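A short write-up of the structure that comes next.
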Amino acid sequence: MNPAYKKLMKCYDCFQKKINFKPRAALVLGSGLGDYAETIQIADTLDYKEIEGFPVSTIPGHRGRFVFGYVGEVPVVIMQGRVHYYEGYSIEDVVLPVRLMKLMGAEILFLTNAAGGVNTEFQAGDFMMITDHISNFVPSPLIGESIPELGERFSDMSQVYDRELQEIIERTAAEQKIPLQKGVYIQLTGPNFETPHEVKMCRILGADAVGMSTACEAMAANHMGMKICGISCITNLGCGMTDQPLSHLEVQEIADKAAPMFKKLITESILAMNKIV
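According to the numbering used here, the residues represented by the sequence shown are 15 to 291, in order.
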(Lines of atoms letter the chains of each structure in order from A and count residues from 1; the text may use other names and numbers.)
(Lines give C-alpha, C1' and ligand atoms only; values in the text may rest on other atoms or scores of the structure.)
Protein backbone atom coordinates (compact mmCIF):
# COMPACT_ATOMS: atom_id res chain seq x y z
CA MET A 1 0.00 0.00 0.00
CA ASN A 2 1.21 3.53 -0.79
CA PRO A 3 2.81 4.92 2.44
CA ALA A 4 0.89 8.24 2.23
CA TYR A 5 -2.41 6.40 1.72
CA LYS A 6 -1.58 3.93 4.49
CA LYS A 7 -0.93 6.82 6.88
CA LEU A 8 -4.17 8.54 5.85
CA MET A 9 -6.22 5.37 6.41
CA LYS A 10 -4.59 4.87 9.81
CA CYS A 11 -5.70 8.40 10.77
CA TYR A 12 -9.19 7.69 9.44
CA ASP A 13 -9.38 4.45 11.43
CA CYS A 14 -8.37 6.36 14.57
CA PHE A 15 -11.08 8.97 13.87
CA GLN A 16 -13.75 6.28 13.44
CA LYS A 17 -12.84 4.68 16.76
CA LYS A 18 -13.12 7.99 18.64
CA ILE A 19 -15.81 10.07 16.89
CA ASN A 20 -19.33 9.23 15.71
CA PHE A 21 -20.12 12.22 13.50
CA LYS A 22 -20.51 12.73 9.75
CA PRO A 23 -19.87 16.31 8.58
CA ARG A 24 -21.23 17.69 5.34
CA ALA A 25 -18.92 20.71 5.23
CA ALA A 26 -15.32 21.23 6.36
CA LEU A 27 -13.88 24.57 7.46
CA VAL A 28 -10.19 25.42 7.85
CA LEU A 29 -9.64 28.39 10.16
CA GLY A 30 -6.89 30.87 9.33
CA SER A 31 -5.18 33.42 11.57
CA GLY A 32 -7.57 35.41 13.76
CA LEU A 33 -10.42 32.91 13.40
CA GLY A 34 -9.27 30.25 15.85
CA ASP A 35 -12.05 30.88 18.37
CA TYR A 36 -14.79 30.67 15.72
CA ALA A 37 -15.11 26.96 16.51
CA GLU A 38 -16.27 27.82 20.02
CA THR A 39 -19.24 29.77 18.62
CA ILE A 40 -20.93 26.82 16.92
CA GLN A 41 -23.09 24.12 18.49
CA ILE A 42 -20.31 21.68 19.41
CA ALA A 43 -21.01 17.95 19.31
CA ASP A 44 -17.48 16.64 19.87
CA THR A 45 -13.78 17.49 19.60
CA LEU A 46 -10.66 15.56 18.72
CA ASP A 47 -7.13 16.84 19.40
CA TYR A 48 -4.68 16.26 16.56
CA LYS A 49 -2.24 14.63 18.98
CA GLU A 50 -4.84 11.93 19.68
CA ILE A 51 -4.68 10.81 16.04
CA GLU A 52 -1.77 8.48 15.36
CA GLY A 53 0.60 9.94 12.78
CA PHE A 54 -1.35 13.18 12.37
CA PRO A 55 0.76 16.33 11.80
CA VAL A 56 0.54 18.86 14.64
CA SER A 57 0.82 22.61 14.10
CA THR A 58 3.81 24.35 15.71
CA ILE A 59 2.37 27.86 15.25
CA PRO A 60 1.52 29.77 18.46
CA GLY A 61 -2.21 30.38 18.80
CA HIS A 62 -3.23 27.40 16.68
CA ARG A 63 -5.35 25.21 18.98
CA GLY A 64 -4.62 21.98 17.12
CA ARG A 65 -7.89 20.06 17.08
CA PHE A 66 -10.94 19.11 15.07
CA VAL A 67 -14.25 20.51 16.27
CA PHE A 68 -17.42 18.71 15.19
CA GLY A 69 -20.79 20.42 15.41
CA TYR A 70 -23.45 22.42 13.67
CA VAL A 71 -23.69 25.81 11.98
CA GLY A 72 -27.45 26.12 11.96
CA GLU A 73 -28.51 22.71 10.65
CA VAL A 74 -25.31 22.08 8.70
CA PRO A 75 -23.04 19.42 10.28
CA VAL A 76 -19.47 20.65 10.02
CA VAL A 77 -15.95 19.68 10.94
CA ILE A 78 -13.65 22.60 11.74
CA MET A 79 -9.86 22.56 11.70
CA GLN A 80 -8.85 24.75 14.61
CA GLY A 81 -5.27 25.24 13.44
CA ARG A 82 -3.65 24.01 10.22
CA VAL A 83 -0.14 22.79 9.42
CA HIS A 84 2.07 24.57 6.91
CA TYR A 85 4.77 23.43 4.51
CA TYR A 86 7.23 25.88 6.10
CA GLU A 87 6.97 24.03 9.41
CA GLY A 88 9.04 21.27 7.85
CA TYR A 89 6.25 18.83 7.08
CA SER A 90 6.09 17.04 3.75
CA ILE A 91 3.43 18.34 1.39
CA GLU A 92 1.61 15.01 1.83
CA ASP A 93 1.32 15.71 5.57
CA VAL A 94 0.19 19.29 4.93
CA VAL A 95 -2.82 18.09 2.92
CA LEU A 96 -3.52 14.99 5.00
CA PRO A 97 -6.08 16.82 7.20
CA VAL A 98 -8.09 17.92 4.16
CA ARG A 99 -8.07 14.40 2.74
CA LEU A 100 -9.12 13.06 6.13
CA MET A 101 -12.08 15.46 6.33
CA LYS A 102 -13.24 14.22 2.92
CA LEU A 103 -13.11 10.63 4.20
CA MET A 104 -15.12 11.76 7.24
CA GLY A 105 -17.92 12.69 4.82
CA ALA A 106 -17.40 16.39 4.04
CA GLU A 107 -18.38 17.38 0.50
CA ILE A 108 -17.63 21.11 0.78
CA LEU A 109 -14.29 22.58 1.84
CA PHE A 110 -14.33 26.21 3.06
CA LEU A 111 -10.77 27.55 3.27
CA THR A 112 -9.81 30.74 5.11
CA ASN A 113 -6.47 32.44 5.62
CA ALA A 114 -4.64 35.66 6.37
CA ALA A 115 -2.85 36.98 3.29
CA GLY A 116 -0.83 39.89 2.03
CA GLY A 117 -2.38 42.07 -0.64
CA VAL A 118 -0.40 42.57 -3.85
CA ASN A 119 -3.24 44.36 -5.64
CA THR A 120 -2.86 48.13 -5.20
CA GLU A 121 -6.64 48.48 -4.92
CA PHE A 122 -6.69 46.36 -1.77
CA GLN A 123 -6.12 47.58 1.77
CA ALA A 124 -5.54 45.95 5.13
CA GLY A 125 -8.78 44.55 6.55
CA ASP A 126 -10.33 43.68 3.17
CA PHE A 127 -11.86 40.27 2.51
CA MET A 128 -11.02 38.60 -0.80
CA MET A 129 -13.01 35.70 -2.19
CA ILE A 130 -10.57 33.36 -3.94
CA THR A 131 -11.52 32.79 -7.58
CA ASP A 132 -8.38 30.88 -8.56
CA HIS A 133 -4.88 30.18 -7.29
CA ILE A 134 -1.23 29.84 -8.34
CA SER A 135 0.54 26.96 -6.60
CA ASN A 136 3.71 26.47 -8.66
CA PHE A 137 6.03 27.62 -5.86
CA VAL A 138 5.19 24.70 -3.56
CA PRO A 139 5.33 21.00 -4.48
CA SER A 140 2.12 19.48 -5.80
CA PRO A 141 0.56 17.10 -3.24
CA LEU A 142 -0.26 14.84 -6.21
CA ILE A 143 3.41 14.11 -7.02
CA GLY A 144 4.42 10.50 -6.51
CA GLU A 145 2.69 7.19 -6.93
CA SER A 146 -0.90 7.65 -8.07
CA ILE A 147 -3.52 6.70 -5.46
CA PRO A 148 -6.70 5.75 -7.39
CA GLU A 149 -8.71 5.66 -4.15
CA LEU A 150 -8.20 9.42 -3.78
CA GLY A 151 -8.55 10.56 -7.39
CA GLU A 152 -7.32 10.22 -10.94
CA ARG A 153 -3.69 10.59 -12.00
CA PHE A 154 -4.13 13.80 -14.01
CA SER A 155 -6.53 15.98 -12.03
CA ASP A 156 -8.44 18.72 -13.87
CA MET A 157 -7.87 22.13 -12.25
CA SER A 158 -9.96 24.29 -14.61
CA GLN A 159 -12.41 25.26 -11.86
CA VAL A 160 -10.92 24.52 -8.43
CA TYR A 161 -13.14 27.06 -6.65
CA ASP A 162 -16.79 26.16 -7.19
CA ARG A 163 -18.79 28.83 -9.04
CA GLU A 164 -22.02 28.10 -7.18
CA LEU A 165 -20.29 28.52 -3.82
CA GLN A 166 -18.71 31.75 -5.03
CA GLU A 167 -22.14 33.08 -5.97
CA ILE A 168 -23.44 32.20 -2.51
CA ILE A 169 -20.55 34.02 -0.81
CA GLU A 170 -20.99 37.10 -3.04
CA ARG A 171 -24.73 37.20 -2.41
CA THR A 172 -24.25 36.69 1.33
CA ALA A 173 -21.67 39.48 1.54
CA ALA A 174 -24.04 41.84 -0.28
CA GLU A 175 -26.95 40.92 1.99
CA GLN A 176 -24.83 41.44 5.10
CA LYS A 177 -23.35 44.66 3.68
CA ILE A 178 -19.82 43.25 4.01
CA PRO A 179 -17.42 44.62 1.35
CA LEU A 180 -15.89 41.76 -0.62
CA GLN A 181 -13.01 41.79 -3.06
CA LYS A 182 -12.39 38.98 -5.56
CA GLY A 183 -9.07 37.71 -6.80
CA VAL A 184 -6.32 35.16 -7.33
CA TYR A 185 -4.34 33.75 -4.41
CA ILE A 186 -0.71 32.68 -4.78
CA GLN A 187 0.98 30.34 -2.31
CA LEU A 188 4.69 30.74 -1.58
CA THR A 189 6.59 28.58 0.87
CA GLY A 190 7.31 31.11 3.63
CA PRO A 191 7.98 31.43 6.50
CA ASN A 192 9.71 34.66 5.49
CA PHE A 193 7.65 37.49 4.07
CA GLU A 194 8.27 38.35 0.42
CA THR A 195 10.86 40.80 -0.86
CA PRO A 196 9.63 43.85 -2.82
CA HIS A 197 10.61 42.22 -6.12
CA GLU A 198 8.89 38.95 -5.18
CA VAL A 199 5.75 40.98 -4.57
CA LYS A 200 6.14 42.54 -8.02
CA MET A 201 6.60 39.04 -9.46
CA CYS A 202 3.39 37.84 -7.82
CA ARG A 203 1.50 40.76 -9.34
CA ILE A 204 2.98 40.19 -12.78
CA LEU A 205 1.86 36.57 -12.59
CA GLY A 206 -1.69 37.73 -11.95
CA ALA A 207 -2.02 37.29 -8.19
CA ASP A 208 -4.02 39.62 -5.96
CA ALA A 209 -3.05 38.12 -2.60
CA VAL A 210 -0.10 36.08 -1.36
CA GLY A 211 0.14 33.62 1.51
CA MET A 212 1.75 30.44 2.83
CA SER A 213 -1.13 27.94 2.76
CA THR A 214 -4.45 27.10 1.10
CA ALA A 215 -3.59 26.41 -2.56
CA CYS A 216 -2.08 22.98 -1.87
CA GLU A 217 -5.08 22.12 0.32
CA ALA A 218 -7.47 23.16 -2.44
CA MET A 219 -5.53 21.08 -4.96
CA ALA A 220 -5.78 17.93 -2.82
CA ALA A 221 -9.48 18.53 -2.12
CA ASN A 222 -10.23 19.12 -5.80
CA HIS A 223 -8.41 15.87 -6.60
CA MET A 224 -10.84 14.06 -4.26
CA GLY A 225 -13.91 15.70 -5.77
CA MET A 226 -14.80 18.21 -3.06
CA LYS A 227 -16.57 21.51 -3.76
CA ILE A 228 -14.20 24.26 -2.65
CA CYS A 229 -14.47 27.92 -1.71
CA GLY A 230 -12.08 30.25 0.05
CA ILE A 231 -11.76 33.70 1.58
CA SER A 232 -8.58 35.57 2.46
CA CYS A 233 -8.40 38.32 5.04
CA ILE A 234 -5.95 40.88 3.65
CA THR A 235 -3.92 41.73 6.73
CA ASN A 236 -1.27 43.88 5.07
CA LEU A 237 -0.04 45.16 1.73
CA GLY A 238 2.97 43.36 0.28
CA CYS A 239 6.54 44.40 0.96
CA GLY A 240 7.53 47.50 -1.00
CA MET A 241 3.93 48.68 -1.47
CA THR A 242 4.15 50.80 1.69
CA ASP A 243 7.00 52.13 3.84
CA GLN A 244 5.88 49.91 6.74
CA PRO A 245 8.05 46.84 7.51
CA LEU A 246 6.11 43.59 7.83
CA SER A 247 5.69 41.60 11.02
CA HIS A 248 3.64 38.63 12.18
CA LEU A 249 2.32 40.79 15.04
CA GLU A 250 0.82 43.23 12.55
CA VAL A 251 -0.77 40.37 10.62
CA GLN A 252 -2.30 38.98 13.80
CA GLU A 253 -3.60 42.38 14.95
CA ILE A 254 -5.38 43.07 11.65
CA ALA A 255 -6.74 39.51 11.52
CA ASP A 256 -8.10 39.84 15.06
CA LYS A 257 -9.70 43.21 14.25
CA ALA A 258 -11.40 41.81 11.13
CA ALA A 259 -12.45 38.57 12.84
CA PRO A 260 -16.01 39.54 13.96
CA MET A 261 -17.09 40.49 10.44
CA PHE A 262 -15.19 37.54 8.96
CA LYS A 263 -17.02 35.13 11.30
CA LYS A 264 -20.36 36.62 10.32
CA LEU A 265 -19.59 36.19 6.63
CA ILE A 266 -18.53 32.57 7.18
CA THR A 267 -21.59 31.69 9.25
CA GLU A 268 -24.11 33.24 6.91
CA SER A 269 -22.40 31.71 3.87
CA ILE A 270 -22.45 28.22 5.38
CA LEU A 271 -26.12 28.62 6.28
CA ALA A 272 -26.84 29.62 2.68
CA MET A 273 -24.92 26.59 1.43
CA ASN A 274 -27.28 24.29 3.33
CA LYS A 275 -29.32 23.72 0.17
CA ILE A 276 -26.42 22.20 -1.77
CA VAL A 277 -24.66 20.14 0.92
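Where a beta carbon is used, it is the ideal one built from N, C-alpha and C, also for glycine.
Just so you know, these numbers come straight off a predicted model, no measurement behind them.
Can you check which of these residues, the options, is closest to residue i by C-alpha distance?
i: I280; options: T209, L179, P210 and E231; result: L179
i: G67; options: P17, C243, N133 and S246; result: P17
i: A232; options: M115, Q137 and L285; result: M115
i: V42; options: V81, C216, E208 and Q195; result: V81
i: R38; options: M93, I122 and P205; result: I122
i: G102; options: S283, T203 and Q266; result: T203
i: I33; options: T53, G220, A57 and I182; result: A57
i: R185; options: Y175, E212 and M143; result: M143
i: M275; options: S246, C28 and R217; result: S246
i: A273; options: D49, G83 and K21; result: D49
i: V91; options: E106, I105, T72 and P111; result: P111
i: F136; options: A235, A221 and S160; result: A221
i: L194; options: A234, K31, E181 and I200; result: E181
i: D140; options: I268, S283, L285 and A229; result: I268
i: P205; options: T72, N236 and M15; result: T72
i: G252; options: N288, Y199 and I54; result: Y199
i: M171; options: I242, S160 and P162; result: I242
i: T59; options: P210, L47, V97 and Q30; result: Q30
i: R177; options: M240, K271 and E64; result: M240
i: M238; options: L156, G244, Q190 and T209; result: L156
i: L47; options: D270, S160 and E282; result: D270
i: K24; options: F35, I65, E106 and M215; result: I65
i: M287; options: M15, A120, Q201 and N150; result: A120
i: K96; options: L219, Q258, R79 and E163; result: Per the sequence shown, residue 96 should be read as Arg rather than Lys. Answer by Cα proximity: R79.
i: A328; options: K21, F35 and K277; result: Outside the displayed range of the chain (15 to 291) lies residue 328, so it cannot be described from this structure.
i: T53; options: G86, K63 and L22; result: G86
Please classify residue i: does DSSP put it in a helix, a strand, or coil?
i: H211; result: helix
i: N250; result: strand
i: L22; result: helix
i: A234; result: helix
i: A138; result: coil
i: N288; result: helix
i: F168; result: coil
i: V42; result: strand
i: K31; result: helix
i: M143; result: strand
i: F276; result: helix
i: Q173; result: coil
i: V109; result: helix
i: T126; result: strand
i: Q180; result: helix
i: V152; result: coil
i: A8; result: Nothing can be reported for residue 8: it is not among the residues displayed for the chain, which extend from 15 to 291.
i: Q353; result: Only positions 15 to 291 of the chain appear in the structure, and residue 353 is not among them; the question remains open.
i: Y103; result: coil
i: Q190; result: coil
i: V265; result: helix
i: I218; result: helix
i: K36; result: coil
Are the Cβ atoms of residue i and residue j separated by less than 7 Å?
i: T249; j: A128; result: yes
i: R217; j: V108; result: no
i: Y26; j: L117; result: yes
i: V213; j: G165; result: no
i: V152; j: Y99; result: yes
i: G197; j: T126; result: no
i: A229; j: H147; result: yes
i: Q94; j: R77; result: yes
i: Y224; j: G158; result: This sequence places Val at residue 224; Tyr is not what is there. The answer is no: Cβ separation not under 7 Å.
i: V88; j: I284; result: yes
i: E333; j: Q190; result: This structure leaves residue 333 out entirely; the chain is present only between 15 and 291.
Using 6 Å as the cut-off, classify the Cβ of residue i as near or not near the heavy atoms of the ligand GDP, replying yes or no.
i: D270; result: The ligand GDP is absent from the structure shown, which contains no ligand whatsoever.
Alpha helix (DSSP H) runs wholly inside the stretch 46-97, at least 4 long, in chain order: Scanning the stretch 46-97 from its first residue to its last, no whole alpha helix (DSSP H) run of 4-plus residues comes out.
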